[in-house]
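Remarks on the structure that follows.
Protein chains in written order, with this note's numbering: chain B, 360 to 717; chain H, 360 to 717; chain W, 360 to 717; chain Z, 360 to 717.
This is how it looks when you write it as structure tokens:
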């Protein structure tokens, strides 16, 4: 298995150009469903599928919703419920029983707003390990044994995050680990609108990959579940996406010159509806060249490479985050923390979870 | 003079497509110079120039540097010195003498990081008005009479910012007003890299324009100098810019197929050098169509409109800010505050100014 | 009426040694009741009572509870309800009708944690004035026209807070004003445990008093209701209080040598119960001298003066706040904001108010 | 050696009633000197002295100054220099050479302002370990290999801080450890005015003491130097102190009835001068009883116990911090961070250190 297999091109499995296009092959299973305007995509990759896709074998779940970006509190409440249900499934599938102890890790730099998802979520967890140790509460009271830490980032501590976490796991022996992190999207439409859960472990700080620095079930001996939300996107992705949106725009115009473009993609449509619509809309290559010249004929990866080649030497391939980053981070950290509190502790219910995170 | 004259399409005069292209006409005077790798552009627009450009008559100064974005502390020190020199010129040109009293206004929402430039800068000012009132210091001690306030934004206070400020100016009677605000750029390369000073007043919250809501010399009876830094840019601008960079990239390729693209625009070049280079690089229309099809033949404004038309209904025309927004805002607020402290108070020198803003 | 009349020795009427001891005289009316473990004290002072007490004539209401200090969320919910009921009474008594518009002022320095009560409360208000101005909502929708501002403090702005506020009131013409401020207690037991509402106006920054700087109904032409919570206390008060507690301790020992001191004043007692108990416990002067020598024979004010005289030249008469100041301020600002939102807007109910302040 | 030996009654050796009073005995060596208005007290306790004092054997250094409390920036600059000199002595005495690697630990809860000294100081350190690991810098460049972490507190993480730190030390193998923590003073005059350095290790969270939870040279195998500043004091200490100040006040009155009390203890005196003066001023027992009755005759510990007994059941033995806690914490964290940066890295000098902590 070569090095590159461990360096997927996107933090999100659903964005990986080797995953969804390969979903008909043996070893990559994709299931999609819609619940309460939230699109849920399950991707299961086995060892064989890992060969096709260059992605770690395991389960990847994606929840897609514009609810957070549109500050829709009802949607956030539904999202908390669904996220909790899916987390319970992940824990069960990983063999974690109701009384298991868990360690939650908030990755990222708390002083860089778009990177502070993990630390902000961890702050709002109902943490109980010390109360179990002191004998003050027990599982019968409706709580699990939960600990939580935000280890900081290497640029601030000088220490590989994985070294810190290996040490803590060895000392505290949790039955499972959950890691929360802010991700980079390769698509403008996923920023602050997608939650990914996976059981393939984490590789904090990425960079050069070696086994010692990984935090996964193989290295730690306990299940490691990662929860990530993309909070930033680079200028290359924004431009590449927009050129694609332009293609589809022209494609629709070609197919149906009577309908106004806006009517076809109202902001109220779900991701799933949009996607279906969009796929039908792609113009053929001849039209792409007509509207976009040579650039229109490039494959997606080549188009991205070209844009990168142009922006990077100018210092303009900025990694950006929406202007409203402060409230987005608060809302998303709150959604994750409430979902985890409900997942962990029977004593915390959907109705009461708001009290615990204030 | 119609309404629209007061709604220029960009916060920055140098980005206004009606300004620089009209610089040879009577009434618009543009002077450019380079000091210590900082490009300084003076734009003077008189009543006649205002007719051509639809922009308020007055003086606009732009300092361009990547020093802040590249976290170059020496560059920041030079920037503080030059910014202070230019502010002194603006005050002198407005008839403000050394012992005049000033009110500094920090516009924007302190709880929205990319909007908090004004409030963060104002926090670091050496404020003295109360000490003058109490007779504890006087001009002979090397200080001016300075007051400062961050009035918040209408969405938070429920009050038009201009109403708050008109009230304060009436009660405190400053000899001049300086307003600091975070702006929106129409170009990715100006974000966190440009400082604009103008004497045309401010129009907080923009929106519907009426005289009562303006804060300018005519309304307030004292000079109003605005200092702005663009901290956000929208996806339309990022894409439009990048398509232009692609044009130039192909243009250069057409002209000189032997040189690698990167060699032509090293990141170390100043804005001025890049601009000159870029203008020579524009491919002709035929090449633009070849590489970019119909999109390549669009005028800039049409191209932007098309992109806007595609992104907005999808909810993807996000206003974004670089990921490192927290440190950028700290650094830029500090540069402005130190420059103002030096400008206002003889007792604060370039060497000592750092002590006052900590 | 001399100057001194306007400089009461405590921010709290119930702590003023000229108020409660004079409650049997004409012109000072004191009513006390207990609701849900919250002690509510009404003090009405008329012009004649003002002569006795040196305190501004008007209505003073005090809510006493240890619920915030003890982080009891049920107590906080009750407190929100009762505070809202009392605020409605104050508004009605001041002739403010249901559709009146209000301006809420958050006094204090947001960057000094124990002083940030006003700014923190104001941040959580449902502010609507701009929506009324734009015609987007109206009273029929269940909202009042509310605006809110935190004007900062003179040490930071250089401007008398009253000047800023006079200007805003003139420009925005609210029907009533509510001002929120952190106060200084003269007693350790009131810190973070007492809320005072009064209709006598505010005198921001106190210091030298002159009419121009007052914000009251007479100056502004509209009712001004002040809400204050003591968040700091000085070392003189802590020591003086503790010496008094020691007196009572000895007093009880003298009267009942068999009961342990603790049993007499369990932490679970209400303020009212404690007070009654305490008054019975005062030892007579002979015992006071026996246990405390000459110091034991001093009147309260003389004792405080002596302590002040000793601590001040040493630089040790610190103004202090409890270590847990951060959460206390969050909790108290939240209680005030939720109570005001319920008071102002019919659309905000006790059950829903939590959603508005998150 | 019994359990209690490890539970000294104060975090500060100089406040321990078993230390200074025993300084003439073998095994406890006390040296005091004055440098630039800063009182420096060295206390060396050997195994024998540990028997007398119940305090861990080792070196304790105390720097006393009101410079931070009085916001005197020149005093702070001197304090940084002297603190750095003393830290260099401690490191040398512990056998740490110039090229040794260090781990700095910021103890305390970053979200509780008076407890955030450690996390705030650690944020401002020049951290280099990762750059050494990547080969980007080396000792020859004027830097040491430094890492730094703020592990949080048990109430937030659910994990004993010592478990986290043992894990990190094992994984990263530093040559020495420095731990920074906010302490509790037993005296109002030491709050924010004393820095203690010791080589006896730390016992995070104190509470039940057992060897596993200690972080000292014996447990970790490398020197552990603790830096602490008292930031809080309880009401018992404030009262007890003030009663002592009253004693001295009366004592002076007895001895010299002509001088006003204030003239004897001007605020400008150093701690050392005040202390000397004060010791001469103690009234004899007969006078103490005259002025303070039975309370006046109590030994210090008995007086404290009595006050505690009275305040605790009332819920009034608050742990408090000065109102200006926010700026005090900023200033003190800055002093420690600058002193450490200078101590660690030759490339950071007293003149340049300010640039690194901004």
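Glycine included, each C-beta is placed from N, C-alpha and C at the ideal position. Because the structure is a prediction, the values reported are computed rather than measured.
Between the CA atoms of residue j and residue i - distance to the nearest angstrom
{"i": "residue 544 (chain B)", "j": "residue 645 (chain B)", "result": "30 angstroms"}
{"i": "residue 540 (chain Z)", "j": "residue 561 (chain Z)", "result": "9 angstroms"}
{"i": "residue 401 (chain H)", "j": "residue 488 (chain H)", "result": "32 angstroms"}
{"i": "residue 514 (chain H)", "j": "residue 471 (chain H)", "result": "12 angstroms"}
{"i": "residue 369 (chain H)", "j": "residue 405 (chain H)", "result": "19 angstroms"}
{"i": "residue 712 (chain Z)", "j": "residue 457 (chain W)", "result": "59 angstroms"}
{"i": "residue 775 (chain W)", "j": "residue 427 (chain Z)", "result": "Nothing can be reported for residue 775 (chain W): it is not among the residues displayed for chain W, which extend from 360 to 717."}
{"i": "residue 444 (chain H)", "j": "residue 490 (chain H)", "result": "26 angstroms"}
{"i": "residue 525 (chain H)", "j": "residue 530 (chain W)", "result": "8 angstroms"}
{"i": "residue 421 (chain Z)", "j": "residue 398 (chain Z)", "result": "8 angstroms"}
{"i": "residue 654 (chain H)", "j": "residue 702 (chain W)", "result": "57 angstroms"}
{"i": "residue 391 (chain Z)", "j": "residue 371 (chain Z)", "result": "15 angstroms"}
{"i": "residue 384 (chain Z)", "j": "residue 417 (chain Z)", "result": "16 angstroms"}
{"i": "residue 689 (chain B)", "j": "residue 483 (chain W)", "result": "15 angstroms"}
{"i": "residue 455 (chain W)", "j": "residue 430 (chain B)", "result": "34 angstroms"}
{"i": "residue 706 (chain W)", "j": "residue 496 (chain W)", "result": "12 angstroms"}
Rounded distance between the beta-carbons of residue j and residue i, thought under 8 angstroms
{"i": "residue 414 (chain Z)", "j": "residue 378 (chain Z)", "result": "6 angstroms"}
{"i": "residue 474 (chain B)", "j": "residue 465 (chain B)", "result": "No, residue 474 (chain B) and residue 465 (chain B) are not in contact; Cβ-Cβ is about 11 angstroms, not under 8 angstroms."}
{"i": "residue 460 (chain B)", "j": "residue 503 (chain B)", "result": "7 angstroms"}
{"i": "residue 516 (chain B)", "j": "residue 508 (chain Z)", "result": "5 angstroms"}
{"i": "residue 601 (chain Z)", "j": "residue 670 (chain W)", "result": "6 angstroms"}
{"i": "residue 389 (chain B)", "j": "residue 382 (chain B)", "result": "4 angstroms"}
{"i": "residue 476 (chain B)", "j": "residue 678 (chain B)", "result": "Between residue 678 (chain B) and residue 476 (chain B) the Cβ distance is about 15 angstroms, and since that is not below 8 angstroms, they are no contact."}
{"i": "residue 660 (chain Z)", "j": "residue 376 (chain Z)", "result": "7 angstroms"}
Proximity of residue i and residue j at Cβ, strictly below 8 angstroms
{"i": "residue 554 (chain B)", "j": "residue 588 (chain B)", "result": "yes"}
{"i": "residue 584 (chain W)", "j": "residue 453 (chain W)", "result": "yes"}
{"i": "residue 535 (chain Z)", "j": "residue 582 (chain Z)", "result": "yes"}
{"i": "residue 604 (chain H)", "j": "residue 642 (chain H)", "result": "no"}
{"i": "residue 684 (chain Z)", "j": "residue 435 (chain Z)", "result": "no"}
{"i": "residue 521 (chain Z)", "j": "residue 451 (chain Z)", "result": "no"}
{"i": "residue 424 (chain W)", "j": "residue 396 (chain W)", "result": "yes"}
{"i": "residue 419 (chain W)", "j": "residue 652 (chain Z)", "result": "no"}
{"i": "residue 715 (chain B)", "j": "residue 485 (chain B)", "result": "yes"}
Own chain partners of residue i with C-beta closer than 7 angstroms, once the 5 adjacent residues on each side are dropped
{"i": "residue 597 (chain H)", "result": "547"}
{"i": "residue 394 (chain B)", "result": "441"}
{"i": "residue 681 (chain H)", "result": "550, 551 and 687"}
{"i": "residue 407 (chain H)", "result": "385 and 386"}
Nonlocal neighbours in the same chain, by C-beta distance under 8 angstroms from residue i, ignoring five residues either side
{"i": "residue 675 (chain Z)", "result": "594"}
{"i": "residue 656 (chain W)", "result": "644, 647 and 648"}
Closer than 7 angstroms: residue i CB and nearest the ligand HEM heavy atom
{"i": "residue 551 (chain B)", "result": "With respect to small molecules bound, the structure shown includes none, and the ligand HEM cannot be examined in it."}
Nonlocal neighbours in the same chain, by C-beta distance under 6 angstroms from residue i, ignoring five residues either side
{"i": "residue 364 (chain B)", "result": "Any reading at residue 364 (chain B) must be qualified, since the residue scores a pLDDT of 33, below 50, and its modelled position is unreliable; no value is offered."}
Original post:
In the stretch 418-472 of chain Z, which residue ranges form an unbroken beta strand (DSSP E) of at least 3 residues, counting only runs that do not cross its ends?
Top reply: With a minimum length of 3 residues, the continuous beta strand (DSSP E) runs that stay inside the stretch 418-472 of chain Z are 461-465.
**OP:** Report the residue ranges of all alpha helix (DSSP H) runs contained in full by the stretch 673-706 of chain Z; include only those spanning at least 4 residues, in chain order.
**Re:** Runs of alpha helix (DSSP H) with 4 or more residues, each lying fully within the stretch 673-706 of chain Z, are found at 684-703, listed in chain order.
Original post:
Taking only runs of the alpha helix (DSSP H) that begin and end inside the stretch 488-546 of chain H, which ones reach a length of at least 4 residues, in chain order?
Top reply: For secondary structure counted as the alpha helix (DSSP H) over 4 or more consecutive residues, the stretch 488-546 of chain H holds these complete runs in sequence order: 488-492, 513-516 and 520-531.
**OP:** Report the residue ranges of all beta strand (DSSP E) runs contained in full by the stretch 549-609 of chain H; include only those spanning at least 3 residues, in chain order.
**Re:** Listed in chain order, the complete beta strand (DSSP E) runs (minimum 3 residues) inside the stretch 549-609 of chain H are 553-557 and 583-593.
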